[in-house]
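To start, the structure itself, in structure tokens.
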Amino acid sequence: MEKAKCYYFYVLKCSDGTFYAGYTNDVHRRLSVHNDGKGAKYTRARLPVTCIYYEEFNDKKQALRAERQFKKLTRTQKITYMKGGVSRDSIAKKL
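Each residue of the sequence shown is one higher than the one before, starting from 0 at the first, in numbering that gives the first Met the number 0.
Structure (structure tokens):
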């Protein structure tokens, strides 16, 4: 039986202290791609990056939705969200 494919919403902390949010089906591989300078243009100029948060989803659409919602938050709201102080549902209602 084949394992169900998972998708992830992830947040990287860049060397300048900024956050980068994205989605993938393999967090470890994607982190390596970013740190090899082959990831997003934003992270290439801010290496090295560290994965500081991720969530697992059953489908790509859910991971993309989480990424979109996260990007609309202020930095303070993003930090609160990653600490678990705000649920994904309550953020979606505010947006």
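Note that the Cβ used here is the ideal one computed from N, Cα and C, for glycine as well.
Note down, in chain order, each residue of its chain lying with its Cβ closer than 7 Å to the Cβ of residue i, except the 5 sequence neighbours on either side.
{"i": "Ala62", "result": "Tyr6, Tyr7, Phe8, Tyr22 and Phe56"}
Under the DSSP definition of a beta bridge, which residues are partnered with residue i?
{"i": "Thr49", "result": "Lys12"}
{"i": "Tyr7", "result": "Thr23 and Glu55"}
Report the option in the options whose CA atom is closest to the CA atom of residue i.
{"i": "Lys4", "options": "Ala65, Thr73 and Lys59", "result": "Lys59"}
Which whole-angstrom value describes the C-beta separation of residue i and residue j, a residue pair presumed to lie in contact below a C-beta threshold of 8 Å?
{"i": "Lys12", "j": "Thr49", "result": "5 Å"}
{"i": "Glu66", "j": "Ala20", "result": "5 Å"}
Can you tell me whether residue i is helix, strand or coil according to DSSP?
{"i": "Thr17", "result": "coil"}
{"i": "Leu63", "result": "helix"}
{"i": "Lys71", "result": "coil"}
{"i": "Lys37", "result": "coil"}
For residue i, which residues from the same chain have a beta carbon less than 6 Å from its beta carbon, with the 5 sequence-adjacent residues on both sides left out?
{"i": "His33", "result": "Thr42 and Val48"}
Within its chain, find whatever has a CB closer than 8 Å to the CB of residue i; leave out the 5 residues flanking it on each side and keep chain order.
{"i": "Ala39", "result": "Tyr19, Gly21 and His33"}
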